[in-house]
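K.L.:
Dropping a structure here in structure tokens format, bear with me for questions.
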Amino acid sequence: MKLKTRLIVAFITVIILPVMLSTLFILLVGKYQLNSIEKTYEISGTSVQTLSNPMKMLGQLTVQPYRDLSAVARTSPEQLADATYLETFNDKLEQKKSYLLVRRDDTIVYMGTDLSNAEYVIDQLPEYDENKTTSENGMYLGGDAQSLVKQVDFKYANGEAGSAFIITDVSNAMPEIQELAMDIVLIIIMVLFITAALLIFWIYRAVMSPLGRMQKVAENIKNGNLDFEVPQDTDDEFGQLFKDFEEMRKRLKDNAEEKLRFDRENKELISNISHDLKTPVTTIKGYAEGIMDGVADTPEKVDKYVRTIYNKANEMDTLINELTLYSKIDTNRIPYNFNTIPVNAYFDDCAEELSMELESKNTEFGYFNYVEGAVKVIADAEQIKRVIHNIINNSLKYMDKPKGIINLRVKDVGDFIQVELEDNGKGIAAKDLTNIFDRFYRTDASRNSSKGGSGIGLSIVKKIVEEHGGKIWATSREGTGTTMYFVLRKYQEVPIHE
33 MKLKTRLIVA
43 FITVIILPVM
53 LSTLFILLVG
63 KYQLNSIEKT
73 YEISGTSVQT
83 LSNPMKMLGQ
93 LTVQPYRDLS
103 AVARTSPEQL
113 ADATYLETFN
123 DKLEQKKSYL
133 LVRRDDTIVY
143 MGTDLSNAEY
153 VIDQLPEYDE
163 NKTTSENGMY
173 LGGDAQSLVK
183 QVDFKYANGE
193 AGSAFIITDV
203 SNAMPEIQEL
213 AMDIVLIIIM
223 VLFITAALLI
233 FWIYRAVMSP
243 LGRMQKVAEN
253 IKNGNLDFEV
263 PQDTDDEFGQ
273 LFKDFEEMRK
283 RLKDNAEEKL
293 RFDRENKELI
303 SNISHDLKTP
313 VTTIKGYAEG
323 IMDGVADTPE
333 KVDKYVRTIY
343 NKANEMDTLI
353 NELTLYSKID
363 TNRIPYNFNT
373 IPVNAYFDDC
383 AEELSMELES
393 KNTEFGYFNY
403 VEGAVKVIAD
413 AEQIKRVIHN
423 IINNSLKYMD
433 KPKGIINLRV
443 KDVGDFIQVE
453 LEDNGKGIAA
463 KDLTNIFDRF
473 YRTDASRNSS
483 KGGSGIGLSI
493 VKKIVEEHGG
503 KIWATSREGT
513 GTTMYFVLRK
523 YQEVPIHE
């Protein structure tokens, strides 16, 4: 579940759940308190609405005593002058938070409580036949009295007016109601606390668990450990973050591996340069010492030594030029000069140059052009010529036949022009064929430099072809020869609609 969804659920829950739980618990506790009140005060028919009206609730406490008192006043008023009866009746009222007052004319003849509790009530008692009350409803006396009064008027045997009052103190409501109010407050607080705690725990767990995993991921990356996989088992904001971390880890790992590979190749480059330069330098030094020491004591020997020194110097110069060129290509510092080149005219010129060059090296050259019409490619003419020359020079280096043969074929293959350079050399082993375009790779593990070259000629070729948006590959058969292929995309004019 997404964090946004969790927050929305938490917001809705923190509003609805406390209301529902509070209502449920209040109803349960209220029902319990109502049952307790009915049992304690011997009343019935109470409800939550009754509790919300304390005066009505207190009025119900004395419904039955009022009815009993009214019946006695009608049928046996003389009992209201009997102290024993009055005490017994008052004891029953005390159980209901009430007491009895009896007035004869203007004199209080019975008081069921202390004077200190009743003096403010006595001052406000209504006159005989002044107040009509019922068993459910009484008269409220405010001020210092704070009492509910139910009045029963009657006549003594001698005709004197009498009034009996059931007084209920409302200044201190029933403790059960107060307890219920406290319970309601505690329930609301408890429900809010529990709801908030559960929601916080829910959100905390949803956040802290992925944060803990993220911390481990960050710790691994900080320590340089990239050989692990970031878990992506959730479809939320953290899942997306883990996905980004995994992508970052892969890129960092690729960069680290690329750097290691680059450092390894640089070390190999230094080693290769040292090896490839050492042989011609040693040769030049040896022949120069031979001339200085007089070993070359004839003009013919001197000429041979000088030519050897010159050839070895040329090998060093070629090696240095190739390394410089590859460095520029590898760092994209060669400014390519792309132009639209007619295929037939360009490769016809190349074939003519190659024919003359290879003829001087006792190598047979064949040229086959299968491209028709004015087909063009977008290329750097000089760099494509370098590609062709590097491939042919590589073929000549490893030519093992008395009579070398090199064929150049140009074909139209749909959206591309395919160039094939075939030789009849010793061929390349299948295990080496996939690596021949790697820089500094040589099929001869001993790095025998007798055939010259730096081992980067074909890697330069691959780089140039790929920079042209093309592709290069090779097929070979040991003892038969090798064919190099590369393709260049055709130039296609886009028609302009007016």
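Just so you know, we're using this note's numbering here: the sequence shown kicks off at 33 and counts up by one. Where is the CB? At the ideal position from N, CA and C, for every residue including glycine.
(1) Once DSSP output is grouped into helix, strand and coil, what is the label at residue 221?
(2) Just to confirm, is the Cβ distance from residue 198 to residue 55 under 8 Å?
(3) Find out if the Cβ-Cβ distance for the pair residue 132, residue 125 is shorter than 8 Å.
(4) Over the uninterrupted beta strand (DSSP E) stretch that includes residue 448, give me the two end residues.
(5) CA-CA distance, residue 331 and residue 317?
(6) Please state whether DSSP places residue 368 in a helix, a strand or coil.
(7) Taking the alpha helix (DSSP H) that residue 495 belongs to, which residues open and close that run?
(8) Enumerate in chain order the residues of its own chain whose CB-to-CB distance from residue 102 is below 8 Å, with the five nearest sequence positions on each side excluded.
(9) Just the Cα atoms here: how many angstroms apart are residue 163 and residue 107?
(10) Going by DSSP, which residues form a beta bridge with residue 139?
(11) Return the Cβ separation of residue 432 and residue 458 in integer angstroms, given the expectation that the two are a contact with Cβ distance under 8 Å.
(12) My parser needs the beta strand (DSSP E) runs of 3 or more residues fully inside the segment 383 to 467; what are they?
(13) Decide if residue 112 is buried, meaning its Cβ has at least 16 other Cβ atoms within 10 Å, or exposed.
(14) Would you tell me roughly how many angstroms separate the C-alpha atoms of residue 281 and residue 462, rounded to the nearest one?
(15) Using the beta-carbon count (16 or more within 10 Å), is residue 434 buried or exposed?
(16) Taking the continuous alpha helix (DSSP H) assigned at residue 116, which residues delimit it?
(17) Measure the C-alpha to C-alpha separation of residue 418 and residue 493 and round it to an integer number of angstroms.
(18) Cβ atoms of residue 371 and residue 413: under 8 Å apart, would you say?
(19) Which of helix, strand or coil does DSSP assign to residue 203?
(20) Measuring alpha carbon to alpha carbon, tell me which residue in 294, 377 and 308 is nearest residue 349.
(21) Does the separation of the CB atoms of residue 366 and residue 409 fall below 8 Å?
(22) Check this for me: beta carbons of residue 279 and residue 261, under 8 Å apart or not?
(23) In this structure, does DSSP put residue 108 in helix, strand or coil?
P.N.:
Result, derived from the coordinates:
(1) helix
(2) no
(3) yes
(4) 448 to 455
(5) 19 Å
(6) coil
(7) 489 to 499
(8) 167 and 184
(9) 21 Å
(10) 136
(11) 4 Å
(12) 395 to 401, 408 to 411, 436 to 445 and 448 to 455
(13) buried
(14) 36 Å
(15) exposed
(16) 115 to 126
(17) 8 Å
(18) yes
(19) coil
(20) 308
(21) no
(22) no
(23) coil
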